[in-house]
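Engineer:
Rendered as structure tokens:
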């Protein structure tokens, strides 16, 4: 088989070597307990209004970083301050469309789907074959990436909620294996938007994807457990109404 058997089959299911399927246990990035006093202290010592860098309230952002660092105050504070500085330097909130190439947005390589998945998470769809190395400036692709993530986050009813990523790997070729951009995406998820990723679906991964995946998987570290490989025929099951699933071509 091409990929780990635990990532095969219908979404939310695990396949044993025997072929028997059983429900997948819910997977989340391990986190430690966070009390209100720690959140208050973090919000007070980081500076009033830092949450605006992400379009959120201070306490919401403070709690997410404390949760990510398992309650380690100093580690969370350092990571939060780095994230706030990065976001302020990256651009306005929300990301204005003139920062990235409009043609790149219109290409359909990345968009926020109109329907939520079964877990109530906004869904960002990435059509990987439409991302060709060097076709657009890296600054444009990075800005579009952040813009789509924040657009998905903005759809959340719960400000501490999570999003889903869908990587459509149909037609994937080595011209799409942009490791530099992948490193940027991982950095964004791990350093700047911790606890935001609920699941990442890899749809119809071809044989040629094996090589790039072996390179990328170690970079993901503990986030690798949030990855599920699925077939397009099973992918609609991710949604309450399969008819609401995005069309992947």
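Numbering (this note's numbering), first residue to last: 128 to 376. From the three backbone atoms N, C-alpha and C, an ideal C-beta is built for every residue, glycine too. This structure is a prediction, so every number in the text was calculated from the model and none was measured.
Straight-line CA distance for residue 150 to residue 208?
Structural biologist: Residue placement at residue 150 is poorly supported in this model, since its pLDDT is 38, which falls under 50; the coordinates still yield a value, given next. Taking the straight line joining both Cα atoms gives about 39 Å.
Engineer: Tell me the start and end of each unbroken alpha helix (DSSP H) in the stretch 157 to 235 that is at least 4 residues and wholly inside, in chain order.
Structural biologist: Runs of the alpha helix (DSSP H) inside the stretch 157 to 235: 163 to 173, 185 to 195, 200 to 217 and 229 to 233.
Engineer: If we ignore side chains and look at the alpha-carbon of each, how far apart do residue 228 and residue 234 end up?
Structural biologist: So the two alpha carbons sit approximately 10 Å from each other.
Engineer: Whose C-beta lies closer than 8 Å to the C-beta of residue 346 among residues of the same chain, with five residues either side of it excluded?
Structural biologist: Taken in chain order, the residues that qualify are 309, 310 and 313.
Engineer: What runs of the alpha helix (DSSP H), each 4 residues or longer, lie entirely inside the stretch 273 to 346?
Structural biologist: The stretch 273 to 346 contains these whole alpha helix (DSSP H) runs: 306 to 314.
Engineer: On the three-state DSSP scale, how would you describe residue 365?
Structural biologist: In the structure shown, residue 365 sits in a helix (DSSP, three-state: H, G or I).
Engineer: Less than 7 Å separating the Cβ of residue 345 from some heavy atom of the ligand PLP?
Structural biologist: This structure does not include the ligand PLP; it has no bound ligands of any sort.
Engineer: Taking Cβ positions, are residue 319 and residue 214 nearer each other than 8 Å?
Structural biologist: Yes, the Cβ-Cβ distance between residue 319 and residue 214 is below 8 Å.
Engineer: For residue 360, count the other beta carbons within 10 Å of its own beta carbon; 16 or more makes it buried, fewer makes it exposed. Which is it?
Structural biologist: So residue 360 counts as exposed.
Engineer: Over the uninterrupted beta strand (DSSP E) stretch that includes residue 252, give me the two end residues.
Structural biologist: 250 to 254 is the span of the beta strand (DSSP E), which, as asked, contains residue 252.
Engineer: Checking the sheet assignment: what are the DSSP bridge partners for residue 355?
Structural biologist: Residue 355 is bridged to 328.
Engineer: Applying the criterion that 16 or more other CB atoms from any shown protein chain within 10 Å of the CB defines a buried residue, is residue 154 buried or exposed?
Structural biologist: Residue confidence is low: residue 154 scores 47 on pLDDT, short of 50, so the model does not pin down where it sits. Its coordinate-derived value is still stated next. Burial call: exposed.
Engineer: Thinking C-alpha only, which one of 193, 212 and 291 is nearest residue 366?
Structural biologist: Comparing Cα positions, the closest option is 291.
Engineer: Tell me which same chain residues have a C-beta within less than 7 Å of the C-beta of residue 245, skipping the five on either side of it?
Structural biologist: So the qualifying residues of the chain are 365, 366 and 367.
Engineer: Would you report the Cα separation of residue 288 and residue 250, rounded to the nearest angstrom?
Structural biologist: Roughly 12 Å between the two C-alpha positions.
Engineer: How many Å lie between residue 334 and residue 173 at the Cα?
Structural biologist: Approximately 47 Å between the Cα atoms of the pair.
Engineer: Tell whether a beta-carbon distance below 8 Å holds between residue 321 and residue 195.
Structural biologist: Yes.
Engineer: Let me check understanding here. Comparing Cα to Cα, which of 355, 204 and 278 lies closest to residue 237?
Structural biologist: Checking every option, the nearest Cα to that of residue 237 belongs to 278.
Engineer: In terms of alpha-carbon separation, which member of 302, 342 and 354 lies closest to residue 326?
Structural biologist: Cα-wise, what sits closest to residue 326 is 354.
Engineer: Give me the DSSP bridge partner(s) of residue 239.
Structural biologist: Looking at the DSSP assignment, residue 239 forms a beta bridge with 251.
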